Every structure is written in structure tokens, then in C-alpha cells.
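Chains as they are written, first to last, in the UniProt record's numbering: chain A, 1 to 186; chain B, 1 to 186. No residue lacks a Cβ here, since even glycine has one placed at the ideal position from N, Cα and C. In this text, all values refer to a predicted model and were calculated from it rather than measured experimentally. Report on the following structure.
Protein chains: 2
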Amino acid sequence: MSKPALIIVFPNAEDSELIIVVDILRRAEIDVTTASLNDEEYITLSKKTIIKPDAKLSDVESKDFGAIIVPGGHGVNDILKNAKLGGLLKKYESEGKIVAAICGAPYIFTFHDVGKGGAITSFPEKRDDIKAAGYEYSEEDVAVSKNVVTSRGPGTAFAFALKLVELLKDKETADKVDRAVVHIQG
Amino acid sequence: MSKPALIIVFPNAEDSELIIVVDILRRAEIDVTTASLNDEEYITLSKKTIIKPDAKLSDVESKDFGAIIVPGGHGVNDILKNAKLGGLLKKYESEGKIVAAICGAPYIFTFHDVGKGGAITSFPEKRDDIKAAGYEYSEEDVAVSKNVVTSRGPGTAFAFALKLVELLKDKETADKVDRAVVHIQG
């Protein structure tokens with residue numbers, strides 16, 4: 001059994017990144033909870049899809065998740081300094097749990113010193129800001145630095161999700177989901 | 001200006017395929033309407049994400065869309081013989097509009113003789129059924145046969161969506177979205 005995963009949802013989160021990660025983790029039979037950061041019941045994503053998250057963050061944040069995952073999207077700009085999110089990210093990092101973000105979301109880390117000194121990647125336009133904040137910048141599709149996992153954007157979301165499956169469960173499960181879904185076999 | 005696109009949503013549609021197509025088409029500034037086939041207000045997708053489609057199909061089906069697009073997912077099995085959907089698919093095909101499906105959804109075509117005689121692809125497990133129904137089976141990630149566009153699964157959903165952008169708008173726009181989102185550039 002792998003520990004459950006918490007995925008943070010907020011207005012204008014990037015549709016594909018969020019849904020690909022939820023989809024792949026659930027295919028790997030990892031228990032996933034999507035939780036609205038500010039307790040919204042419905043959330044309009046970046047490309048206008050309206051979803052109903054599984055829970056409000058305040059109702060589930062004390063649960064023992066093994067990972068916290070933040071999707072990107074232009075809504076990231078509205079939550080960069082969110083103290084509740086920053087506190088949770090720091091807590092997970094200090095407890096050795098997985099702290100993961102993709103696209104614009106790794107930039108949030110710089111406002112809370114999450115993964116400081118390690119190598120992180122992000123959507124390329126955030127590169128200079130992240131480097132200026134004292135991080136090593138990786139150009140890999142998925143960067144793993146201790147318990148901090150980051151990735152670049154919608155096109156790397158499958159690889160990001162599969163890496164999370166590998167870390168939360170095992171490589172065999174990740175490979176199985178990869179073959180079935182991403183690299184479809186004849 | 002490209003014509004708007006209609007995307008059919010139904011219970012247990014495949015989360016990633018639906019959302020990737022919506023996301024990419026909207027990035028290309030194509031007017032997209034997600035419409036619930038049986039007029040449900042909220043729909044639970046295959047991997048348990050709950051979405052609120054933009055419209056009920058009965059409210060928008062008479063609008064002049066340039067394409068009808070059907071995602072896959074195990075809910076496909078419940079709508080194979082849906083007369084409303086079958087009728088719409090045939091109507092779009094006969095009018096020379098784009099008729100598109102991915103994963104398990106191309107199998108729906110065989111129940112309504114959509115794209116009959118042409119080459120279509122699908123999630124591999126549907127191959128034999130599709131061939132037995134009198135279709136040429138393609139192993140391409142995206143197959144285009146006259147105005148019928150088909151694809152294989154979550155891992156080919158970006159390529160499928162980008163082909164739809166190319167056909168509904170132009171290659172230049174598809175390449176621009178591809179570079180920005182899928183093949184992320186430094």
C-alpha cells in the first residue's frame with residue numbers, strides 16, 4: 001500500500017496538468033484527494049473547465065498524506081505567497097514526504113524556501129526568477145532533488161505523474177501504467 | 001476565424017483525453033463547447049473527477065459547429081448504440097464536418113457506419129472488433145481519413161488535439177501551441 005496523495009486545486013490551475021496527474025495516480029491505484037486551497041466547492045480551471053474537487057483543504061489537511069502536489073496554470077500567480085500553502089509545503093518537506101509541483105507552481109517554492117539549494121525545474125519562463133532565488137535550475141523534464149519533485153508543463157505532465165507513481169509506489173507499477181496509457185502498445 | 005467545436009461528455013469518459021483536447025483547442029483560441037450527451041448537469045469521469053460541462057447537448061446540438069469530438073474511457077461501452085449520438089455523427093460526416101474520436105470512442109463509429117471503408121485507429125484492444133466491422137485499421141497515433149479523425153489513447157491525446165487545431169484552424173497555430181505546451185522550449 002502506498003500512502004495517499006494530496007493535490008491542491010485553485011482557480012485557474014492548469015487543466016491538463018491537474019487532470020493528467022489525478023488520472024495517472026488513480027490508474028496506479030494510489031488514493032488521491034483533490035482539495036480546494038481556499039475551500040471553494042467548485043473551481044474554474046485555466047481553460048474554463050469547471051470541476052468539483054473531492055474536498056476542501058481545511059477538511060483534509062490534517063490527514064496523513066504521503067505527498068503534496070501542486071499543478072501550474074496562471075492561477076499560480078495568485079497564490080505565490082499563500083501562507084497556508086507555504087506552511088503545508090514546508091511541513092511536508094521537513095517530514096521527508098514528497099513535495100511536488102509542475103509548470104509555474106515550482107515558483108511558489110521560492111517564496112517559502114521549499115527545496116532551497118536543490119535543483120528544481122519549471123515552465124521555462126520562470127527560470128531566471130527561480131535561479132535568482134538561489135536554486136539550482138534543471139532543464140530535465142522531471143527533476144528529483146531529495147523529496148522535491150518538479151516538472152515543466154503540460155507536455156511533461158505524464159512523465160511527472162509517472163515519476164510520482166514510482167516514488168509513491170514502485171517502478172514496476174509506473175512502467176505498467178506507462179505502457180498501458182502513455183506509450184500505447186499494439 | 002475557425003468554426004466552433006463540440007465535445008461530447010458522458011459518465012466515465014476518460015479524464016485526460018477530454019481535458020487535454022479542451023485545453024489544447026482553447027489555447028488555439030477555438031471556441032469549444034463541452035456538452036453532456038444525456039443532459040446531465042454534472043458528470044463523473046472515468047477516474048472520478050467531477051466536471052460541469054458547458055451545456056446540455058439538447059440545448060446546443062442545433063448550433064453550427066465545425067467538428068464533433070468524442071473522448072474515450074470505459075463509459076464508451078454504455079453509449080455504443082446511442083441513437084442521438086449516432087445520428088449526430090452521421091450528420092456531421094455527411095456535411096463534411098470533422099468527426100473525431102479517441103481511444104475506445106472510434107468503436108462507436110462501427111455501430112453507425114461512420115467513416116465506413118476508411119482507415120481509423122483506436123485503443124489497441126478494439127482493433128479486431130473495428131476490423132471485423134469492415135474498416136481499415138491504422139496503427140498511427142492519429143489517423144485522418146477524409147473528415148474522420150481518430151486516435152489511440154491518453155498518450156496520443158496531445159497529438160490528436162493538435163491535429164484538430166491544424167484542421168480547424170491552421171498548421172501554424174498548431175505548431176505554436178505544440179511548441180508552447182507539448183514540446184516545451186528552453
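Item, Value
"Inter-residue spacing [alpha-carbon to alpha-carbon] between Gly66 of chain B and Lys3 of chain B", "5 Å"
"Closer than 7 Å at the beta carbon, the chain A residues around Val149 of chain B", "None at all; the shortest Cβ gap to chain A is about 17 Å."
"Own chain, CB closer than 6 Å to Val151 of chain B, minus 5 neighbours either side, in chain order", "Val is not the amino acid found at residue 151 of chain B; the sequence shown has Ser there. So the list reads Ile102, Val142, Phe160, once near-sequence residues are dropped."
"Limits of the beta strand (DSSP E) - the one that Thr173 of chain B falls within", "First-last for Thr173 of chain B: 171-177, but that is the alpha helix (DSSP H), not the beta strand (DSSP E)."
"Span of the beta strand (DSSP E) around Ser36 of chain A", "32-36"
"Inter-residue Cα distance where the pair is Asp54 of chain A and Thr33 of chain A", "6 Å"
"Pair within 8 Å by beta-carbon distance, Leu89 of chain A and His112 of chain A", "yes"
"C-beta neighbour in chain B for Lys47 of chain A, strict 8 Å", "yes"
"Cβ separation of Ser36 of chain A and Leu18 of chain A, assumed to be a contact under 8 Å, to the nearest whole Å", "Ser36 of chain A to Leu18 of chain A, Cβ: 12 Å. No contact."
"Cβ-based contacts, 7 Å cut-off: residues of the segment 49-80 of chain A near chain B", "Thr49, Ile50, Ile51, Lys52"
"Exposed unless 16 or more other CB atoms sit within 10 angstroms - verdict on Gly134 of chain A", "exposed"
"Below-8 Å beta-carbon distance, Tyr135 of chain A vs any chain B residue", "no"
"Closer than 8 Å to chain B by CB, Tyr107 of chain A", "no"
"Buried or exposed by the 16-neighbour rule on C-beta atoms within 10 Å, applied to residue 202 of chain A", "No answer is possible for residue 202 of chain A: the residues shown for chain A start at 1 and end at 186."
"Under 9 Å by beta carbon: chain A residues contacting Asp39 of chain B", "Per Cβ cutoff of 9 Å: no residues; Asp39 of chain B is ~16 Å from chain A at best."
"Distance cut-off 7 Å: Val32 of chain A Cβ against heavy atoms of the ligand ADP", "As for the ligand ADP, it is missing from this structure, which has no ligand bound."
"Short CB-CB distance (under 8 Å) between Tyr92 of chain B and chain A", "no"
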